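Take a look at the structure below.
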Amino acid sequence: MIIFGMNPVREAIRAHPDRIRWIAISSADKGRLARLADEGRDAGVDVRLMPPDRLAKVAEGGVHNGVVAELADADYADFDDIIRSEGAPERVFVLDGVQDPQNLGAVLRVADVFGFGLVVVPRHESAGLSAAVVKASAGASEWVPVAQVTNLARAIEQMQEAGYWVYGADAEGDALGSFDLTGKVVIVLGNEGRGVRRNVIEHCDRRIAIPMRGKIESLNVSTAAAVIAWEVERQSGKR
């Protein structure tokens, strides 16, 4: 996997230097990336210079900010192992049909900020881990595990059996602030077009809605994730 940009590469060095095959710094750099290069070398990573035109080709036109790295392909987390472990995360996001890698990356960033220790996505009809996701996550993808599952409804049942309360985002649900979101919680979010599919929302314990005061009818999924995650965090401070 090729990743690019200062934050994604720096977080890869911090989190998983053993996965980095090499880091390429633009030969036109005037010292701005010297610290990043030193961090890579200190971690035992092969750091090399690369002409700007070659760097642009490797990044396939992405905004690379003068640095590109090749990583071993990311491993998806084992859903069953995480959910059943003693250290299972208290907070989990489930994304149903979120196909835009920018949105998945942004949700991973929200997850990292607010302590959501797992993001679950379906194996089909969903964005997966990619260079675009890593870039959009600003490196959060290195810290937040992503698990792929074949059947979201079954995965929700497994989490309920493990002691989680599952809340599905639904415009027809009850107001977000009316729920007790402490303890082990799962937040299920859909894409902007269709929302959470009916066969998935029906498996949730409760349906929650973000109060909307304006004229628009929906929020971007990552924005909705941030609003709900903030409420979860706010309530946790009351315990």
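Residue 158 in our numbering sits at position 158 of the sequence shown, and the numbers go up by one each step. The beta-carbon is built from N, C-alpha and C at its ideal position, and this holds for glycine as well. This structure is a prediction, so every number in the text was calculated from the model and none was measured.
#1: Give the list of continuous alpha helix (DSSP H) stretches no shorter than 4 residues that lie fully inside the segment 146-226.
#2: Could you work out which residue in Y167, M6 and G214 is closest to G229 when comparing CA atoms only?
#3: Helix, strand or coil: how does DSSP classify F79 here?
#4: If R91 sits next to V232, beta carbons under 8 angstroms apart, how far is it from one beta carbon to the other, in whole angstroms?
#5: Any contact of the segment 148-165 with the segment 81-89, i.e. 3+ C-beta pairs under 8 angstroms?
#6: Taking the alpha-carbon positions, what's the E70 to K57 distance?
#7: Looking at the structure shown, is S26 part of a helix, part of a strand, or coil, going by DSSP?
#8: If you check the beta carbons only, do L129 and A74 fall under 8 angstroms apart?
#9: Give the C-beta separation of G105 and S137 to the nearest angstrom, bearing in mind that I take them to be a contact with Cβ-Cβ under 8 angstroms.
#10: Which whole-angstrom value is the C-beta distance of V67 and I20, which I expect to be below 8 angstroms?
#11: Just to confirm, is the Cβ distance from F79 to A147 under 8 angstroms?
#12: So, for D112: in the same chain, excluding its five sequence neighbours on each side, which residues have a beta-carbon less than 7 angstroms away from its beta-carbon?
#13: With 16 other CB atoms within 10 Å as the buried threshold, where does I201 fall?
Taking the structure as given:
#1: 152-161 and 198-201
#2: Residue numbering aside, residue 229 sits at position 229 when the sequence shown is read from its first letter. Note on identity: in this sequence residue 229 is Ala, with Gly being the wrong assignment. Considering only alpha carbons, the answer is Y167.
#3: Your numbering for residue 79 matches position 79 in the sequence shown. DSSP places F79 in helix when its eight states are reduced to three.
#4: If you number the sequence shown from 1, residue 91 lands on position 91. If you number the sequence shown from 1, residue 232 lands on position 232. Going by Cβ atoms, the distance from R91 to V232 rounds to 6 angstroms, so yes, they are a contact pair.
#5: yes
#6: To locate residue 70, count along the sequence shown from 1; it is residue 70. To locate residue 57, count along the sequence shown from 1; it is residue 57. When rounded, the distance between both Cα atoms is 13 angstroms.
#7: Your numbering for residue 26 matches position 26 in the sequence shown. Strand.
#8: Counting from 1 along the sequence shown, the entry for residue 129 is found at position 129. Counting from 1 along the sequence shown, the entry for residue 74 is found at position 74. Yes, they are a contact pair.
#9: Against the sequence shown, residue 105 aligns to sequence position 105. Against the sequence shown, residue 137 aligns to sequence position 137. The pair is a contact, with the Cβ atoms about 4 angstroms apart (cut-off 8 angstroms).
#10: Locating residue 67 in the sequence shown gives position 67, where the first residue counts as 1. Locating residue 20 in the sequence shown gives position 20, where the first residue counts as 1. 12 angstroms between Cβ atoms; not a contact.
#11: As a first step, residue 79 must be located in the sequence shown, where it is residue number 79. As a first step, residue 147 must be located in the sequence shown, where it is residue number 147. Yes, the pair counts as a contact, with Cβ atoms nearer than the cut-off.
#12: Reading the sequence shown from its first residue, position 112 is the one you call residue 112. Cβ neighbours of D112 beyond the five flanking positions: A140, W143 and V144.
#13: Taking the first residue of the sequence shown as 1, we reach residue 201 at position 201. Burial call: buried.
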